[in-house]
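Take the sequence shown: its letters are residues 36 to 426, numbered as in this note's numbering.
Cβ coordinates follow ideal geometry from the N, Cα and C atoms, glycine included.
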Amino acid sequence: MNDHIYLDSAASTPVADEVIDEMLPYFKQQYGNPSSMHKFGRETARAIQLARRRVAKMIDASPREITFTSGGTEADNLAIKGAAMHARIKASERTRIITSSIEHDAVLEPCRYLENLGLSVTYLPVAGDGLVRSSDLKSAMSNDVSLVSIMLANNEVGTIQPVKELAGIAHQAGALFHTDAVQAVGKIPTSVKRLGVDMMSMSSHKLNGPKGVGALYVRSGLEIAPIIHGGGQESELRSGTENVPNIAGFGKACELAANRMSQYQEQVSALRDYLIEKVAKEIPHSRLNGSQDRIPNNAHFTFFGVNGEDLIIKMDEHGIATSTGSACSVKKQKSSHVLKAMGFSYEEISGSLRLSLGMQNTKDEIDRTVGVLSSVVKELRELSPFKRKYA
Ligand SMILES: *Cc1c(COP(=O)(O)O)cnc(C)c1O
36 MNDHIYLDSA
46 ASTPVADEVI
56 DEMLPYFKQQ
66 YGNPSSMHKF
76 GRETARAIQL
86 ARRRVAKMID
96 ASPREITFTS
106 GGTEADNLAI
116 KGAAMHARIK
126 ASERTRIITS
136 SIEHDAVLEP
146 CRYLENLGLS
156 VTYLPVAGDG
166 LVRSSDLKSA
176 MSNDVSLVSI
186 MLANNEVGTI
196 QPVKELAGIA
206 HQAGALFHTD
216 AVQAVGKIPT
226 SVKRLGVDMM
236 SMSSHKLNGP
246 KGVGALYVRS
256 GLEIAPIIHG
266 GGQESELRSG
276 TENVPNIAGF
286 GKACELAANR
296 MSQYQEQVSA
306 LRDYLIEKVA
316 KEIPHSRLNG
326 SQDRIPNNAH
336 FTFFGVNGED
346 LIIKMDEHGI
356 ATSTGSACSV
366 KKQKSSHVLK
376 AMGFSYEEIS
386 GSLRLSLGMQ
396 NTKDEIDRTV
406 GVLSSVVKEL
416 RELSPFKRKY
426 A
């Protein structure tokens, strides 16, 4: 399958060899329960400590501020439900959450769930470039807000939000600030101190680590309620025997990503810019979406007069993996809430395609991709009722 081209790194990434090497001993040799008092337990407890230090270092936090979870989704759930439940337990008067209308479902669905339980949630709009305007947050703030949750980088259009400024606004009104940084970690600087956030979600498989593990940064001194209760692992915040191999792999992936970040930015954004230029030159009636402030590996286009899902299928037949946006929304067969919030028309949403790159992609792959894309778009437009418009 070497002639296949993978341009869906925003959905998941290959696990790095060094990461696999780091994980392997914890399956067959060092299988002790990290809570056990014997040598086997000490070995795996040490592995978790090391991983916690590596993850913490990558985001400029201290190790005790890192709670391992089963992934980005659980980290988001823990941040939002955990903060809301803690406020309820303390009988706080702050019963409102503010989030944006372009969040990942892992943030939006917990918010909707809490709405059903009687909390109120404000969904901020975004401008056409996918950015939350700080003035909108300012006017939505008041002293009934417990938590503001706004993502650092969007998974569909790659837009980077002005999180530092937004967190400042939340804090001024006495609210906490959480950011979903799953798409940003390893690609742009994500120092929790610089960003000034109270909680931050991460996921391993978006940065060349294994699937099924992630972490929530919780600022030291901040109390939230657990959402999984049991044996009290992870400082009582996330019970359950730790997934040692995955956690060890995630730690290694963070170390690798931190060490190669400037190389990643240079290499991947140069390739991405080359792709954008080539699409603009070779495919008429196409448009780049999103903002200038975007993560290095994201390019999101609308090809007018075609259907994005047909495009994906055709590209896949040619061995090229692409996406309309989020893997989850494809399964649910609903059109992108992100693009809707950005004010896109039905036609603009329908013709959208995300190409997300990784370190493994080459210039030759981009050349081949744009060649195939160009002919596939032409072919689909021939079949389209808008044929004359885009001939
Ligand atoms: C992938 C993703 C998630 C979910 O992470 P999982 O580890 O797959 O559960 C959450 N938020 C964003 C922005 C993502 O891209």
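Give the secondary structure of residue i by DSSP, where H, G and I count as helix, E and B as strand, and everything else as coil.
i: residue 213; result: strand
i: residue 108; result: helix
i: residue 121; result: helix
i: residue 252; result: strand
i: residue 192; result: coil
i: residue 227; result: helix
i: residue 232; result: coil
i: residue 303; result: helix
To the nearest angstrom, report how far apart residue i and residue j are at their CA atoms.
i: residue 227; j: residue 105; result: 21 Å
i: residue 347; j: residue 210; result: 42 Å
i: residue 409; j: residue 318; result: 6 Å
i: residue 364; j: residue 44; result: Model confidence at residue 364 stands at a pLDDT of 49, short of 50, so the residue's coordinates are unreliable and nothing is read from them.
i: residue 263; j: residue 242; result: 25 Å
i: residue 181; j: residue 53; result: 41 Å
i: residue 343; j: residue 282; result: 36 Å
i: residue 371; j: residue 195; result: 18 Å
i: residue 200; j: residue 322; result: 29 Å
i: residue 128; j: residue 99; result: 29 Å
i: residue 87; j: residue 418; result: 54 Å
i: residue 2; j: residue 75; result: Missing from the structure shown is residue 2; the chain here goes from 36 to 426 and no further.
i: residue 236; j: residue 251; result: 5 Å
Using 6 Å as the cut-off, classify the Cβ of residue i as near or not near the heavy atoms of ligand 1, replying yes or no.
i: residue 118; result: no
i: residue 54; result: no
i: residue 190; result: yes
i: residue 218; result: yes
i: residue 238; result: yes
i: residue 372; result: no
i: residue 359; result: no
i: residue 108; result: yes
i: residue 139; result: yes
i: residue 249; result: yes
i: residue 215; result: yes
How far does the beta strand (DSSP E) with residue i in it reach, from first residue to last?
i: residue 135; result: 131 to 135
i: residue 181; result: 180 to 184
How far does the alpha helix (DSSP H) with residue i in it extend, from its first residue to its last?
i: residue 156; result: Segment 155 to 159 is the beta strand (DSSP E) holding residue 156; no alpha helix (DSSP H) there.
i: residue 99; result: Residue 99 -> no alpha helix (DSSP H), and no H or E assigned at all.
i: residue 281; result: 279 to 294
i: residue 147; result: 140 to 151
Ranges of the alpha helix (DSSP H) found wholly within the stretch 343 to 416, counting only runs of at least 4: Inside the stretch 343 to 416, DSSP marks whole alpha helix (DSSP H) runs of 4 or more residues at positions 343 to 352, 362 to 367, 372 to 376, 381 to 385, from first to last along the chain.
Alpha helix (DSSP H) segments (min. 4 residues) lying fully within the stretch 62 to 96: The DSSP assignment places 74 to 93 as complete runs of the alpha helix (DSSP H) inside the stretch 62 to 96, in order along the chain (cut-off: 4 residues).
Whole beta strand (DSSP E) elements within the stretch 308 to 344, 3-residue minimum: Runs found: 321 to 323, 333 to 338.
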